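I have placed the structure first, in the form of structure tokens, so that the comments after it can refer back to it.
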Amino acid sequence: MTHSHPLRPLLALAAALVLAPAPLRAQSAPVSADSLRAVVARYRAAHEPEILRELADLLAIPNLAGDSASIRRNAAAIAGMMTRRGIAVRMLESPAGGPPAVFGELTTPGATRTVVLYAHYDGQPVEPAKWATPPWQPTLRDGPLEHGGKVVPLPVASGTAGPEWRLYARSAGDDKAPIVAMLVALDAMRAGGIRPGVNLKFYFDGEEEAGNAHTRAMLERHAALLAADGWIFADGPVHQSRRQQVVFGVRGVTDVVITAYGATRALHSGHYGNWAPNPAVVLANFVASLRDVDGRILVPGYLSDVRPISAADRRALRTIPVVDSALRADLGLGATEANNALLAERILQPALNVRSFHAGPTGAAANAIPTEATASIDFRLVPDQRPARIRELVEAHARRQGYTVLHAAPDSATRRAHGRLLRFDWGAEGYAGQRTRADTPIARAVVRAVTDGLGAPVIEVPILGGSLPTALFADALHAPLIVLPIANHDDNQHAANENLRLQNLWDGIAVFAGVQALLRW
4 MTHSHPLRPL LALAAALVLA PAPLRAQSAP VSADSLRAVV ARYRAAHEPE
54 ILRELADLLA IPNLAGDSAS IRRNAAAIAG MMTRRGIAVR MLESPAGGPP
104 AVFGELTTPG ATRTVVLYAH YDGQPVEPAK WATPPWQPTL RDGPLEHGGK
154 VVPLPVASGT AGPEWRLYAR SAGDDKAPIV AMLVALDAMR AGGIRPGVNL
204 KFYFDGEEEA GNAHTRAMLE RHAALLAADG WIFADGPVHQ SRRQQVVFGV
254 RGVTDVVITA YGATRALHSG HYGNWAPNPA VVLANFVASL RDVDGRILVP
304 GYLSDVRPIS AADRRALRTI PVVDSALRAD LGLGATEANN ALLAERILQP
354 ALNVRSFHAG PTGAAANAIP TEATASIDFR LVPDQRPARI RELVEAHARR
404 QGYTVLHAAP DSATRRAHGR LLRFDWGAEG YAGQRTRADT PIARAVVRAV
454 TDGLGAPVIE VPILGGSLPT ALFADALHAP LIVLPIANHD DNQHAANENL
504 RLQNLWDGIA VFAGVQALLR W
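The sequence shown begins at 4 in this note's numbering and counts up by one.
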């Protein structure tokens with residue numbers, strides 16, 4: 004929560020002075036990992052209040068993906084943060100419309116590699132009534148809300164914020180924290196006279212949560228500007244063990260709302276039950292035909308494009324701590340799918356998730372057969388599955404079962420002519436799964452840089468369970484992409500009371516300092 008404090012104007016002035024660009028001292032040789040960690044730790048410890056205030060001020064700007072005015076306010080604020088650090092900034096627009104991407108460039112004399120750092124600044128929708136405090140009123144607590152964390156003021160002196168304290172706000176974990184971590188890492192390096200080891204570009208996305216409908220056109224228009232030796236996507240959580248992970252791929256996604264139709268008016272279930280088709284039952288049977296109880300997709304041809312797991316991927320899997328038993332206990336699950344198969348292995352496979360299922364009136368149930376039923380489903384795709392192909396396969400599966408496939412509401416003639424109707428309303432284009440080989444030079448270099456930046460070994464993960472638009476970037480720009488998440492695994496991503504554990508922010512600064520200063524291949 005933002006608290007008024009008599010020192011706030013002085014803090015704001017101090018932050019502006021701290022964050023203002025200063026000339027770098029000469030650096031004759033690459034900095035050592037030990038020296039970098041010491042420089043970053045000293046800087047962060049001395050400037051915690053300013054760092055948290057900058058993040059809180061960014062979180063206070065509403066960022067619903069569909070709110071164009073607020074999205075552009077966010078873009079302008081981020082551009083200002085970058086400009087204060089001496090980064091050359093411009094807004095990138097798509098010829099197809101949509102929100103801007105905030106682009107920045109910082110050139111290092113003598114550097115032979117260029118890396119683009121990615122994060123997104125738009126956020127998921129909110130239901131304010133479900134939040135303990137307003138979603139765009141950043142609120143600091145001395146622990147997790149569910150463990151009784153109490154509201155505390157933002158600190159005014161260094162060293163007064165505990166590592167387990169949490170900052171609550173929409174996009175605290177997904178995905179504004181990495182933006183601040185990247186920029187503060189530069190501040191710390193500058194304070195220690197440390198140059199980046201690579202040329203840096205920044206791409207802060209304004210429509211990731213809205214499905215990136217305009218991104219392909221954006222990337223094609225600005226392909227020359229965005230050319231690089233590799234991209235690092237800062238999105239998602241660290242491992243459930245709280246250890247830092249380097250992720251080499253992500254699952255793709257496409258989604259659909261399926262509607263089944265019954266009679267044109269609700270019917271008494273006693274008078275017409277077992278005679279008039281019940282659309283809820285029809286739809287439930289169709290959904291059940293899509294996957295079995297262990298999550299295996301049953302649609303013919305669905306798995307034919309799945310890329311086999313490589314030997315390098317299997318080696319990476321062996322670095323992942325097994326947390327499944329603890330997760331089941333924490334989540335109140337007596338068992339998980341596929342006879343308690345490991346989570347790390349399961350997310351390498353495609354998934355079908357029923358997000359919602361609805362039939363009949365809201366409130367008290369009536370003894371009636373509803374007129375229609377709807378199910379909202381998302382499909383998580385793995386390399387080399389493509390959304391368009393998945394849509395074709397699912398609709399072909401429906402036709403084989405005798406359904407008439409529609410893409411608009413049926414008129415009366417269509418209802419009378421066909422006994423089994425299913426309407427498919429597919430969402431945004433979605434994106435494919437994507438994976439960079441774990442044994443490529445850039446992948447090994449990122450693992451080394453992050454390990455040295457943190458001073459601790461990292462977990463290597465072949466693929467992230469969630470979805471990111473990395474396939475769009477890989478297709479358009481033909482560069483390798485690696486995911487480097489920093490948020491806490493229990494950050495309530497996309498839900499009420501989203502939060503960031505402060506130690507994750509401190510670690511994130513060290514991670515990005517390692518990438519910016521030590522990355523070599």
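Idealized CB from N, CA, C, for every residue including glycine.
From a predicted model like this one, the values you see are computed outputs, not experimental measurements.
- The three-state reading of DSSP puts His123 in strand, counting E and B together.
- Between the stretch 473-483 and the stretch 509-520, the count of C-beta pairs closer than 8 Å stays below three; the two stretches do not touch.
- Pairing Glu395 with Ala48, the inter-Cα distance amounts to about 55 Å.
- Under the 10 Å beta carbon count, Pro465 is surrounded by 16 or more other beta carbons and is classified as buried.
- DSSP places Ala36 within a helical segment (H, G or I) once states are collapsed to three.
- The criterion of a C-beta distance shorter than 9 Å is not satisfied by Leu471 and Asp258.
- DSSP assignment within the stretch 397-451 yields the following whole alpha helix (DSSP H) runs of 4 residues or more, N-terminal first: 415-420.
- Within the stretch 282-369, the beta strand (DSSP E) runs of at least 3 residues that lie entirely inside it are, in chain order, 354-362.
- A Cβ-Cβ distance of about 5 Å is found for the pair Glu340 and Gly298, placing them in contact under the 8 Å criterion.
- Around Asp208, the same chain offers Ala104 and His123 as residues with beta carbons nearer than 6 Å, after the five sequence neighbours per side are excluded.
- Pro181 is not bridged by DSSP to any residue.
- Comparing alpha carbon positions, the residue from Tyr275, Asn215 and Val260 closest to Gly430 is Val260.
- Taking 9 Å as the cut-off, the Cβ atoms of Gly436 and Gly214 do not count as close.
- Val187 is positioned such that its CB atom lies closer than 9 Å to that of His50.
- If you ignore the 5 residues before and after His217, its C-beta comes within less than 7 Å of the C-beta of Ser97, Ala99, Gly100, Gly101 and Glu210, all in its own chain and listed in chain order.
- Ile261 is bridged by DSSP to Ala378 and Phe427.
- Pro444 and Trp524 have their C-alpha atoms roughly 6 Å apart.
- Spanning the alpha carbons of His225 and Thr142 requires a straight line of approximately 38 Å.
- Following the DSSP letters along the chain, one finds Phe236 inside the beta strand (DSSP E) bounded by residues Gly233 to Phe236.
- For the 9 Å CB-CB criterion, Ala513 and Ala44 form a contact.
- Each residue's CA atom was taken as its position, placing Gln404 and Ala279 some 19 Å apart.
- Between the C-alpha atoms of Arg426 and Gly273 there is a straight-line separation of about 27 Å.
- For Met94, the pairing in a beta bridge is given by DSSP as Val105.
- Membership of Val514 in the alpha helix (DSSP H) is indicated by the continuous run Leu505 to Leu521.
- The residues Asp381, in chain order, have a CB closer than 6 Å to that of Asn356 in the same chain once the five nearest residues on each side in sequence are set aside.
- Under the three-state reduction of DSSP output, Ala479 falls in the helix class.
- For Gln248, the beta-bridge partners assigned by DSSP are Ile462.
- In the DSSP assignment, Ile485 falls within the beta strand (DSSP E) that extends over Leu484 to Val486.
- Between Ala180 and Leu508 a beta carbon distance of about 6 Å is seen, short of the 8 Å cut, so the two are scored as contacting.
- DSSP places Val129 outside both helix and strand once states are collapsed to three, so it counts as coil.
- Take Gly433, set aside five residues on each side of it, and the residues of its chain with a beta-carbon closer than 6 Å to its own are Val256, Thr257 and Pro390, in chain order.
- In this structure, the CA atom of Leu336 is about 13 Å from the CA atom of Val326.
- Residue burial annotation: Gly265 is buried, with at least 16 other C-beta atoms found within 10 angstroms of its C-beta.
- Between Ala499 and Val129, the CB-CB gap stays under 9 Å.
- Inter-residue distance for Ala376 and Pro52 is about 52 Å (C-alpha atoms, whole angstroms).
- DSSP, read as helix, strand or coil, puts Asp208 in strand.
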